[in-house]
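Enquirer: The following block contains the structure, expressed as structure tokens.
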């Protein structure tokens, strides 16, 4: 009989959920509760490839939404009775967790301690854990951390050039995020190369509304662009990425911003949205750029230029490159972003096959490079499957 894992991913205003068969990654039921805490709260799910709408009251919070999700799943008894574990995505594990772990009071306390470093995510991750434990009290609950994959980074890569006491006393350092995605696509690239991951040097670029890039040497992460929080590094949908660190002080002291207004600006009003003054959706910007919108074109040019710079830097630190991987909503689907990026890296031995690049979209995974190039892949990520497989390690 098939065994399933319920995977929960609680965001700041949404909950993704899926029932996944851990051996194959097959997901007969998955869904999304979104716009939580607003008048437009809604629930939708897909069962056997058919879309269904659930019902959520106005201003539903995470706890209420999880109760509705649990009741919804119980309607599909042939699936729900085969759930043997619940896997929870947790954004920030700090230095406490180098791998996924069975949730107990000690683990919950450690997640609470890291909440200051991920205030938009860890508190709702904890709400999800608490609510799911109430709904499924007899199942093991496993936390899978975005930061765990990057705990192999050397100290010289993860420290900031700040007084060392800030690291010793307050754990201020680079942590990295999107770890389950980078982990998954790195393994898939190694399979495609017919090599053990431990023998692979890779650069993996997760490009979506949030973006990050990782340098992987001999199968282990040695650097990544996201830092103490998911704000540093590449330009993103609404996040600024790298800026002069004195800009926040200037905004506060000279322009009269409050600290919370600066945080809002950097996290939710910048990136592709801030430059284009139009949208954080790459598809919209590509269409508008084609139609002559100069701000849309500028936003895309900036996004691609910063990606090119990071790939160049990581080529220097991984050594001989076995493959470059694109993933995430933009990385998997935007032939334009991939082509525009690689066209600026041909002098470093990277070249796309134009036909393969156009074909490899919408869930397709495969090689998109020219025969004369170092391998370049577009790989559809599957973070939920990683969470499900990790959760099964704790099923006896």
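In our numbering, the protein residues as written are -13 to 382. For glycine and all other residues, C-beta sits at the position ideal for the given N, C-alpha and C. Fair warning: this is a prediction, and the values are worked out from it, not measured in the lab.
Short check: CB of residue -10 to CB of residue 89, under 9 Å?
Expert: Locating residue -10 in the chain shown gives position 4, where the first residue counts as 1. Locating residue 89 in the chain shown gives position 103, where the first residue counts as 1. Not closer than 9 Å, so no.
Enquirer: Nearest by alpha-carbon distance to residue 123: which of 168, 364, 154, 72 is it?
Expert: Numbered from 1 along the chain shown, position 137 holds the residue referred to as residue 123. Measuring from the Cα of residue 123, the nearest candidate turns out to be 72.
Enquirer: In three-state DSSP terms, what is residue 135?
Expert: Within the chain shown, residue 135 is the residue found at index 149, counting from 1. Residue 135 falls in the helix class under three-state DSSP.
Enquirer: Short of 6 Å in beta carbon distance, which residues of its chain neighbour residue 268, apart from the five on each side in sequence? Order them along the chain.
Expert: Reading the chain shown from its first residue, position 282 is the one you call residue 268. Taken in chain order, the residues that qualify are 316, 320.
Enquirer: So, at 8 Å on beta carbons, what are the nonlocal neighbours of residue 187 in its own chain, with the 5 sequence-adjacent residues on each side left out?
Expert: Residue mapping note: residue 187 aligns to position 201 of the chain shown, counting from 1. The answer, listed in chain order, is 202, 203, 204, 304, 305, 306, 307, 308.
Enquirer: Identify whether residue 84 lies in helix, strand or coil by the three-state DSSP scheme.
Expert: The residue you call residue 84 lines up with position 98 of the chain shown. Residue 84 falls in the coil class under three-state DSSP.
Enquirer: Can you give the Cα-Cα distance for residue 239 and residue 251, rounded to whole angstroms?
Expert: The sequence position of residue 239 within the chain shown is 253, counting from 1. The sequence position of residue 251 within the chain shown is 265, counting from 1. Roughly 15 Å separates the two Cα atoms.
Enquirer: Got a sec, what are the start and stop residues for the alpha helix (DSSP H) residue 270 sits in?
Expert: Your numbering for residue 270 matches position 284 in the chain shown. That run of the alpha helix (DSSP H) goes 268 to 276.
Enquirer: Ignore the nearest five residues each way along the sequence and tell me which others in residue 352's own chain have a CB closer than 6 Å to its CB.
Expert: Taking the first residue of the chain shown as position 1, residue 352 is located at position 366. These residues qualify, in order along the chain: 346.
Enquirer: Quickly, what does DSSP pair residue 197 with across the bridge? List them, please.
Expert: Position 211 of the chain shown, counted from the first residue, corresponds to residue 197. Paired residue(s): 193.
Enquirer: Pair every Cβ in the stretch 171 to 183 with every Cβ in the stretch 324 to 339, then say whether three or more of these pairs are closer than 8 Å.
Expert: Result no; under three Cβ-Cβ pairs closer than 8 Å.
Enquirer: For residue 41 and residue 165, I'd like the C-alpha separation in whole angstroms.
Expert: Here residue 41 refers to the residue found at position 55 of the chain shown. Here residue 165 refers to the residue found at position 179 of the chain shown. Their backbone Cα atoms lie some 33 Å apart in a straight line.
Enquirer: Roughly how many angstroms lie between the CA atoms of residue 34 and residue 54, to the nearest whole one?
Expert: Along the chain shown, one-based indexing puts residue 34 at 48. Along the chain shown, one-based indexing puts residue 54 at 68. Those two C-alpha atoms are separated by around 20 Å.
Enquirer: Could you check how far apart the C-beta atoms of residue 323 and residue 290 are, in whole angstroms? I think they sit under 8 Å.
Expert: As a working mapping, residue 323 is identified with position 337 in the chain shown. As a working mapping, residue 290 is identified with position 304 in the chain shown. Between residue 290 and residue 323 the Cβ distance is about 6 Å, and since that is below 8 Å, they are a contact.
Enquirer: I'd like to know if residue 255 contacts chain C, where contact means its C-beta is closer than 9 Å to some C-beta of that chain.
Expert: Reference to chain C is not applicable here, since this structure consists of a single protein chain.
Enquirer: Go ahead and pull the three-state DSSP assignment for residue 209.
Expert: Locating residue 209 in the chain shown gives position 223, where the first residue counts as 1. Residue 209 falls in the strand class under three-state DSSP.
Enquirer: Please report the distance separating the alpha-carbon of residue 257 from that of residue 264.
Expert: As a first step, residue 257 is located in the chain shown; it is residue number 271 there, counting from the start. As a first step, residue 264 is located in the chain shown; it is residue number 278 there, counting from the start. Going from the Cα of residue 257 to the Cα of residue 264 covers about 11 Å.
Enquirer: Quick check on the DSSP output: what are the complete alpha helix (DSSP H) runs of length 4 or more inside the stretch 220 to 259, in order along the chain?
Expert: Complete alpha helix (DSSP H) runs here, min 4: 233 to 239, 245 to 254.
Enquirer: What ranges does the beta strand (DSSP E) occupy inside the stretch 289 to 315, keeping only unbroken runs of at least 3 residues that lie completely in it?
Expert: Here the runs fully enclosed are 309 to 313.
Enquirer: Between residue 25 and the rest of its own chain, which residues show a CB-CB distance below 7 Å, the 5 nearest in sequence each way excluded?
Expert: Here the question's residue 25 lines up with position 39 in the chain shown. Once the five neighbours on either side are set aside, the close Cβ partners of residue 25 are 44, 45.
Enquirer: Using DSSP bridges, identify the partner residues of residue 57.
Expert: Reading the chain shown from its first residue, position 71 is the one you call residue 57. Residue 57 pairs with nothing; no bridge assigned.
Enquirer: Roughly how many angstroms lie between the CA atoms of residue 214 and residue 200, to the nearest whole one?
Expert: Locating residue 214 in the chain shown gives position 228, where the first residue counts as 1. Locating residue 200 in the chain shown gives position 214, where the first residue counts as 1. Looking at the two C-alpha atoms, the distance is approximately 15 Å.
Enquirer: Only counting the same chain, and skipping five residues up and downstream in sequence, which positions put a Cβ closer than 7 Å to that of residue 85?
Expert: Locating residue 85 in the chain shown gives position 99, where the first residue counts as 1. So the list reads 134, once near-sequence residues are dropped.
Enquirer: Let me make sure I understand the geometry here. Which of 333, 363, 167 has the alpha-carbon closest to that of residue 339?
Expert: Counting from 1 along the chain shown, the entry for residue 339 is found at position 353. When each option's Cα is compared against that of residue 339, the closest is 363.
Enquirer: In terms of residues, what are the limits of the beta strand (DSSP E) holding residue 364?
Expert: The count along the chain shown starts at 1 and reaches residue 364 at position 378. Looking at the DSSP string, the run of the beta strand (DSSP E) that includes residue 364 is 362 to 364.
Enquirer: Taking DSSP as the reference, what is the three-state secondary structure of residue 37?
Expert: Taking the first residue of the chain shown as position 1, residue 37 is located at position 51. If DSSP states are grouped into helix, strand and coil, residue 37 belongs with the strands.
Enquirer: Taking 9 Å as the threshold (C-beta atoms), are residue 284 and residue 262 in contact?
Expert: Taking the first residue of the chain shown as 1, we reach residue 262 at position 276. Taking the first residue of the chain shown as 1, we reach residue 284 at position 298. Result yes, Cβ atoms of residue 262 and residue 284 sit closer than 9 Å.
Enquirer: Whole angstroms are fine: how far does the CA of residue 141 sit from the CA of residue 341?
Expert: To locate residue 341, count along the chain shown from 1; it is residue 355. To locate residue 141, count along the chain shown from 1; it is residue 155. So the two alpha carbons sit approximately 42 Å from each other.
Enquirer: Roughly how many whole angstroms lie between the Cα atoms of residue 148 and residue 64?
Expert: For this step, residue 148 is matched to residue 162 along the chain shown. For this step, residue 64 is matched to residue 78 along the chain shown. Their Cα atoms are separated by approximately 55 Å.
Enquirer: Between residue 0 and residue 348, what straight-line distance do the alpha-carbon atoms span, to the nearest angstrom?
Expert: Sequence index remark: in the chain shown, residue 0 carries index 14 (1-based). Sequence index remark: in the chain shown, residue 348 carries index 362 (1-based). Using only the alpha carbons, I get a separation of about 23 Å.
Enquirer: Our contact map puts residue 8 next to residue 375 with C-beta atoms below 8 Å; I'd like the distance itself, whole angstroms only.
Expert: Reading the chain shown from its first residue, position 22 is the one you call residue 8. Reading the chain shown from its first residue, position 389 is the one you call residue 375. Residue 8 to residue 375, Cβ: 5 Å. Contact.
Enquirer: Hey, residue 224 and residue 266 are a contact pair by Cβ (cut 8 Å); roughly how many whole angstroms apart?
Expert: The sequence position of residue 224 within the chain shown is 238, counting from 1. The sequence position of residue 266 within the chain shown is 280, counting from 1. The pair is a contact, with the Cβ atoms about 5 Å apart (cut-off 8 Å).
Enquirer: Looking at the unbroken alpha helix (DSSP H) that takes in residue 94, where does it start and where does it end?
Expert: What you label residue 94 is simply residue 108 of the chain shown in a count that begins at 1. First-last of the alpha helix (DSSP H) with residue 94: 91 to 99.
Enquirer: Excluding sequence positions up to five away, which residues of its chain have a Cβ less than 8 Å from the Cβ of residue 49?
Expert: Position 63 of the chain shown, counted from the first residue, corresponds to residue 49. Within the same chain, residue 49 has close Cβ partners 113, 116, 117.
Enquirer: Express the C-alpha separation of residue 370 and residue 12 in angstroms, rounding to a whole number.
Expert: Walking along the chain shown from the start, residue 12 turns up at place 26. Walking along the chain shown from the start, residue 370 turns up at place 384. Between residue 12 and residue 370, the C-alpha separation is close to 10 Å.
Enquirer: With a threshold of 7 Å on Cβ separation, who are the neighbours of residue 21 within its own chain once the five nearest residues in sequence on each side are excluded?
Expert: For the purposes of this step, residue 21 is taken as residue 35 along the chain shown, with counting starting at 1. These residues qualify, in order along the chain: -1, 27, 28.
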